[in-house]
Amino acid sequence: MTVIPLNRDWTYRRPAGPFAAFSGESGALGTAHLPHDALRDEQRRPDVPGRGATAFFPPGAYTYLKSLDVPTEWAGQLVRLEIGGAFRRAQVFVNDELAGTRADGYARFFVDLTPYLLFGSANTLRIEVRSGEDSRWYSGAGLHRPVALHVDDLVHIVPDGVRIDTVRIEDDQAVIEIATTLANADARTHTVRVRTDVTAPDGSLAEADRTPITLAPGEQGVVRQRLYIADPQLWSVDEPSLYTAQVRVDADSGAAGTASTPLDVPFGIRTVTVDPRKGLRINGEPVLLRGACIHHDNGPLGAAAIGRAEERRIELLKAAGFNAIRAAHNPVSSAMLDACDRLGMLVMDEAFDMWTRFKTPYDYAADFERWWQDDLAAMVAKDRNHPSVILYSIGNEIAETGTPHGARWARRLAEHLRALDPARPVTNGVNALLAVLDDMPQVVEELGGLNAVLGAGGPFAAVSASAAATTRIEESSAVLDVLGLNYAESRYAPDAEAFPHRVIVGSETFGPEIGRLWPQVVDSPNVIGDFTWTGWDYLGEVGIGSVQYADDPGASGALEREYPFLTAWCGDLDITGWRRPLSYYREIVFGLRSEPYIAVRRAARHGAEVISPSPWAWSDSVSSWTWTGFEGHPVTVEVYAAADEVVLLRDGVEVARGPVGVERPMLAVLETEYRPGTLVAVALRDGVEAGRTSLATAGAAALTATADRTALVADDADLTYVAIELRDAEARLVMDADTDVTVTVDGFAVLAGMCSANPRTEERFADATWRTFDGRALAVVRPVSSGAATVTVTAPGQEPVVIALEIAPA
834 MTVIPLNRDW
844 TYRRPAGPFA
854 AFSGESGALG
864 TAHLPHDALR
874 DEQRRPDVPG
884 RGATAFFPPG
894 AYTYLKSLDV
904 PTEWAGQLVR
914 LEIGGAFRRA
924 QVFVNDELAG
934 TRADGYARFF
944 VDLTPYLLFG
954 SANTLRIEVR
964 SGEDSRWYSG
974 AGLHRPVALH
984 VDDLVHIVPD
994 GVRIDTVRIE
1004 DDQAVIEIAT
1014 TLANADARTH
1024 TVRVRTDVTA
1034 PDGSLAEADR
1044 TPITLAPGEQ
1054 GVVRQRLYIA
1064 DPQLWSVDEP
1074 SLYTAQVRVD
1084 ADSGAAGTAS
1094 TPLDVPFGIR
1104 TVTVDPRKGL
1114 RINGEPVLLR
1124 GACIHHDNGP
1134 LGAAAIGRAE
1144 ERRIELLKAA
1154 GFNAIRAAHN
1164 PVSSAMLDAC
1174 DRLGMLVMDE
1184 AFDMWTRFKT
1194 PYDYAADFER
1204 WWQDDLAAMV
1214 AKDRNHPSVI
1224 LYSIGNEIAE
1234 TGTPHGARWA
1244 RRLAEHLRAL
1254 DPARPVTNGV
1264 NALLAVLDDM
1274 PQVVEELGGL
1284 NAVLGAGGPF
1294 AAVSASAAAT
1304 TRIEESSAVL
1314 DVLGLNYAES
1324 RYAPDAEAFP
1334 HRVIVGSETF
1344 GPEIGRLWPQ
1354 VVDSPNVIGD
1364 FTWTGWDYLG
1374 EVGIGSVQYA
1384 DDPGASGALE
1394 REYPFLTAWC
1404 GDLDITGWRR
1414 PLSYYREIVF
1424 GLRSEPYIAV
1434 RRAARHGAEV
1444 ISPSPWAWSD
1454 SVSSWTWTGF
1464 EGHPVTVEVY
1474 AAADEVVLLR
1484 DGVEVARGPV
1494 GVERPMLAVL
1504 ETEYRPGTLV
1514 AVALRDGVEA
1524 GRTSLATAGA
1534 AALTATADRT
1544 ALVADDADLT
1554 YVAIELRDAE
1564 ARLVMDADTD
1574 VTVTVDGFAV
1584 LAGMCSANPR
1594 TEERFADATW
1604 RTFDGRALAV
1614 VRPVSSGAAT
1624 VTVTAPGQEP
1634 VVIALEIAPA
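If you read the sequence shown in the numbering used here, its first letter stands for residue 834, the second for the next number, and so on.
Shown next as structure tokens:
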């Protein structure tokens, strides 16, 4: 097997029909280095069909073109195209002949190019994609995951043909089974040997086997090798140990032919079990999921799943205290799974956001009945050797889960997954309120009327725990190994009694409620974790986590905000990867941080009327004690602490004191006035100091720029992230001195994208100039070839900052 990346030298344009030549317009848009999102650079408008749900990006349709030289030596071999993800309804043409299609924009799929190729000459690859009103969030459009060419001998390992399972783990060894599926596309019978070498995390040989197999023409066969790893290093969140199976096909003794190129398959040795009494266990050890729901976009890169971008997200989420992600609401990329394997992040991979009922006018519901089996199979084929993947989810907030025929679908999907991979539990993100929408008037009446519903913790809590919801979701829940509940923590305790064999996960919860939710998780053996909405801010569903003030321009009280809002603004981390105050609150609630944390609600908004408060919104606060122009004005200070009282000191003098837990658990809200200096928060527990932290007023702002990496590789996966910040001489972030910053890249790299965390902006990710937001902006630089590059950052009245990059050959 030879795998050739095909991510360079693509062009893309508007689609052109057979009569396009008469128009005289080429529709050319430029060149593309995959992964690539063509929609990212389109002009946002307030009147687009998807409106704020899609971040005001318009519908898009694009044609990707590439010239492919096919040598004569490939004649007599199989040539396949692997597409990691093409959003959406992709059509693959070879020399203008249709070779394959795929409806789902997130499915990894293979197209056999062999019948259409011209050997010994140039061939044209053309891939058509289109997007529009088919998603409830920003989807992007294009070849947003990598593309590769597979050139195989006639006797070969089929795509995704190596499956590795942990059979059992003993005191002194682990037993693993490696099942390799081969195919014979020749007209003759062949006997070959499958040679497998397993290397340990340190690179030493851990086990090996050689097994013959005879295949008749057109036949497939499976070689099963049971191997015994002595003193195994188990994969876990804290110690993500990875082995590698190197599998190759050798011609049998005395037969013609040579050994094939080896296929390297990383894997981890671990077990996963769930039950309602002992919860989730990995390798027999209990684990509570501190989970983050995440969308697939990479902020300034749009939907492009470039490897380093995926890895960086996992690094930062783990550093913020999360140990699990939920793919919302589509399978994540292979690059992200690779990162989760390496870094020790657990994954709930999710297949669908809809089944048979539409959520948007042209979404996957139109394709579901034709493609669901293939798309589940594609997800499993991608995931099954990744130890990080511990749960498969068959859907998110599927309306039909509350109907008998919806329960039939749930059973079909769950059983199909189990047939493909019996080792992993199956879940479904069930919104019990959505399941009873058809009966809502009767449900409200049974609960004592609307006032009673609103007074019982809101409609989510009351309706989700109602008898009607219990009845509606019972059958579809019974087909699952783990019931995912979206915004239905009111079911945790009653379900433990009513359904003693039911295992639950909070598959989607309101982020600001973690102080109330996490103790319920800890105290409920039947609940294995919590996944907040969301761990990382994302494009689309604009402003659902924003604080909306009555005097905001265009404020209407609607949950989704007005143009030019860009992001949902509900992530623990913003789109630059910067941790927002809620992230630190969550870390304290999880018990991972002992030091208190201070955040201050924006001084300019003190006393302003808040309308239509969103359940996804944290307060409009930042960790700053620099409020130029507001000296002597009142400010509201938040202190997060595992304590019962907090004292505020300014320059050593007490200026406020108050209890913890009135507004939220582990939160004290204190009023004082702003005066420059040093603000110290002292947390008290039973009158004894339990910790303290401080904020100091920043001095004059100076431009700084720091690259997370200066040594890069000229491949398709590498990036460097340049944090552009305004800091004073003591390295304090100056959050109220925003300015325009410009980035120039010279040499063998390009500016791949730029942004700030501002949720409301008309700036474009392709622009080289952005205004900082709360003192920060971010530039993403991508290498294009080996050699040197420089990144220069400038701002009015500031000294330029120059960063040197060294780019090694791939």
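Virtual Cβ for every residue (Gly too), placed ideally from N, Cα, C.
- Query: Is it the case that the Cβ atoms of Arg1593 and Pro1414 are separated by a distance below 8 Å?
  - Reply: Along the sequence shown, one-based indexing puts residue 1593 at 760. Along the sequence shown, one-based indexing puts residue 1414 at 581. Not closer than 8 Å, so no.
- Task: Using the Cα positions of Gly1646 and Pro904, report the straight-line distance between them to the nearest angstrom.
- Result: The question about residue 1646 has no answer here: the residues shown for the chain are numbered 834 through 1643.
- Query: For Leu839, which three-state DSSP category applies?
  - Reply: Looking up residue 839 in the sequence shown gives position 6. If DSSP states are grouped into helix, strand and coil, Leu839 belongs with coil.
- Query: DSSP three-state call for Cys1588: helix, strand or coil?
  - Reply: As a working note, residue 1588 is residue 755 in the sequence shown. In this structure, Cys1588 counts as strand in the three-state DSSP scheme.
- Item | Nonlocal neighbours in the same chain, by C-beta distance under 8 Å from Gly1087, ignoring five residues either side | Counting from 1 along the sequence shown, the entry for residue 1087 is found at position 254. Low confidence applies to Gly1087: its pLDDT is 40, below 50, so where it sits in the model is not reliable enough to give any reading.
- Where the alpha helix (DSSP H) through Ala1450 begins and ends: Within the sequence shown, residue 1450 is the residue found at index 617, counting from 1. Careful: Ala1450 lies outside any alpha helix (DSSP H) and carries neither H nor E.
- When the distance is taken between beta carbons, is Phe1155 closer than 8 Å to Arg1203? Taking the sequence shown and counting its residues from 1, the one referred to as residue 1203 is at position 370. Taking the sequence shown and counting its residues from 1, the one referred to as residue 1155 is at position 322. Contact: no.
- Under the three-state DSSP convention, the category Asp998 falls into: Working through the sequence shown from its first residue, we reach residue 998 at position 165. Note: Asp998 maps to strand in three-state DSSP.
- Verify whether the separation of the beta carbon atoms of Leu872 and Gly1135 is less than 8 Å. Taking the sequence shown and counting its residues from 1, the one referred to as residue 872 is at position 39. Taking the sequence shown and counting its residues from 1, the one referred to as residue 1135 is at position 302. Yes, Cβ-Cβ distance for Leu872 and Gly1135 is below 8 Å.
- Pull up the distance between the alpha-carbon of Glu1148 and that of Tyr1061, whole angstroms please. As a working mapping, residue 1148 is identified with position 315 in the sequence shown. As a working mapping, residue 1061 is identified with position 228 in the sequence shown. If I take the Cα positions, the gap works out to 32 Å.
- Message: So Pro1133 and Leu1611 are supposed to be a Cβ contact under 8 Å. How far apart are they, rounded?
- Response: Against the sequence shown, residue 1133 aligns to sequence position 300. Against the sequence shown, residue 1611 aligns to sequence position 778. With a Cβ gap of about 7 Å, Pro1133 and Leu1611 count as contacting.
- Message: With three or more C-beta pairs closer than 8 Å as the rule, is the region 1377–1397 touching the region 1447–1454?
- Response: yes
- Message: For the alpha helix (DSSP H) containing Gln1353, name the first residue and the last one.
- Response: In the sequence shown, residue 1353 corresponds to position 520, counting from 1. Here the alpha helix (DSSP H) through Gln1353 covers 1347–1356.
- Message: Which residue wins for smallest C-alpha separation from Ser1166, given the options Met1187, Arg1141, Trp1188, Ala923?
- Response: On the sequence shown, residue 1166 is found 333 positions in, with the first residue counted as 1. That would be Arg1141, whose Cα lies nearest to the Cα of Ser1166.
- Message: Looking at Asp967: is its Cβ nearer than 8 Å to the Cβ of Val988?
- Response: Counting from one through the sequence shown, the residue named residue 967 turns up at place 134. Counting from one through the sequence shown, the residue named residue 988 turns up at place 155. No, Cβ-Cβ distance for Asp967 and Val988 is not below 8 Å.
- Euclidean distance between Cα positions of Tyr1320 and Gly918: Within the sequence shown, residue 1320 is the residue found at index 487, counting from 1. Within the sequence shown, residue 918 is the residue found at index 85, counting from 1. The alpha-carbon atoms of Tyr1320 and Gly918 are separated by roughly 30 Å.
- What are the start and end residues of the alpha helix (DSSP H) that includes Ala1331? Reading the sequence shown from its first residue, position 498 is the one you call residue 1331. Ala1331 -> alpha helix (DSSP H) spans 1325–1331.
- Message: In whole angstroms, give me the CA-to-CA distance for Ala1599 and Leu901.
- Response: Translated into positions along the sequence shown, residue 1599 becomes position 766. Translated into positions along the sequence shown, residue 901 becomes position 68. Between Ala1599 and Leu901, the C-alpha separation is close to 29 Å.
- Return the first residue and the last residue of the beta strand (DSSP E) that Ser1310 is part of. Here residue 1310 refers to the residue found at position 477 of the sequence shown. That residue, Ser1310, is in no beta strand (DSSP E); its alpha helix (DSSP H) goes 1300–1311.
- Query: Using 8 Å as the limit for Cβ to Cβ distance, is Thr1505 near chain B?
  - Reply: Checking the listed chains, one finds no chain B in this structure; it contains a single protein chain.
- Query: Just how far apart, CA to CA, sit Asp1085 and Arg1028?
  - Reply: If you number the sequence shown from 1, residue 1085 lands on position 252. If you number the sequence shown from 1, residue 1028 lands on position 195. The straight-line gap from Cα to Cα measures roughly 11 Å.
- Return helix, strand or coil for Gly953, following the three-state DSSP convention. Here the question's residue 953 lines up with position 120 in the sequence shown. Of the three classes helix, strand and coil, the one that applies to Gly953 here is coil, per DSSP.
- Message: Taking a contact to mean a Cβ-Cβ separation below 8 Å, would you say Cys1126 touches Ile1408 in this structure?
- Response: On the sequence shown, residue 1126 is found 293 positions in, with the first residue counted as 1. On the sequence shown, residue 1408 is found 575 positions in, with the first residue counted as 1. No, the pair does not count as a contact, with Cβ atoms beyond the cut-off.
- Extent of the continuous beta strand (DSSP E) to which His983 belongs: As a first step, residue 983 must be located in the sequence shown, where it is residue number 150. His983 -> beta strand (DSSP E) spans 980–985.
- Among all the DSSP beta bridges, which residues are the ones paired with His989? Your numbering for residue 989 matches position 156 in the sequence shown. DSSP output for His989 lists Ala1016 as bridge partner(s).
- Task: For Phe1581, collect the residues of the same chain with a Cβ closer than 8 Å to its Cβ; drop the 5 residues on either side in sequence, then sort them by chain order.
- Result: Working through the sequence shown from its first residue, we reach residue 1581 at position 748. The residues are Ala1547, Pro1616, Val1617, Ser1618, Ser1619, Gly1620, Ala1621, Ala1622, Ile1640.
- Query: Per DSSP, what kind of secondary structure is Ile1377 in: helix, strand or coil?
  - Reply: On the sequence shown, position 544 is the one that residue 1377 refers to. In this structure, Ile1377 counts as coil in the three-state DSSP scheme.
- Item | Proximity to Arg969 [Cα-Cα], best of Trp1242, Glu1118, Ala1401 | Locating residue 969 in the sequence shown gives position 136, counting from the first residue. The residue with the shortest Cα to Cα distance from Arg969 is Ala1401.
- Message: So, for Glu1308: in the same chain, excluding its five sequence neighbours on each side, which residues have a beta-carbon less than 6 Å away from its beta-carbon?
- Response: Counting from 1 along the sequence shown, the entry for residue 1308 is found at position 475. Closer than 6 Å at Cβ, skipping near neighbours: Ala1240.
- What is the DSSP secondary structure of Gln910, reduced to helix, strand or coil? In the sequence shown, residue 910 corresponds to position 77, counting from 1. Note: Gln910 maps to coil in three-state DSSP.
- Message: Can you check which of these residues, His983, Leu911, Glu930, is closest to Ile837 by C-alpha distance?
- Response: Here residue 837 refers to the residue found at position 4 of the sequence shown. The candidate whose alpha carbon is nearest that of Ile837 is His983.
- Cβ pair count under 8 Å reaching 3, the region 1314–1329 against the region 1254–1268: yes
- Nearest-angstrom Cα separation, counted from Ser1093 out to Met1169: Mapped onto the sequence shown, residue 1169 falls at position 336. Mapped onto the sequence shown, residue 1093 falls at position 260. One C-alpha to the other measures close to 28 Å.
- Task: Drop a sphere of 10 angstroms on the beta-carbon of Ala1252, count the other beta-carbons inside from all chains shown, and report buried for 16 or more, exposed for fewer.
- Result: By one-based count along the sequence shown, residue 1252 stands at place 419. With fewer than 16 Cβ atoms within 10 Å of its Cβ, Ala1252 is classed as exposed.
- Message: Tell me which residue opens and which closes the beta strand (DSSP E) that Trp1603 is part of.
- Response: Mapped onto the sequence shown, residue 1603 falls at position 770. Start and end: 1602–1604.
- Query: Can Ala1214 and Ala940 be called in contact, C-beta distance under 8 Å?
  - Reply: For this step, residue 1214 is matched to residue 381 along the sequence shown. For this step, residue 940 is matched to residue 107 along the sequence shown. Cβ atoms of Ala1214 and Ala940: not closer than 8 Å.
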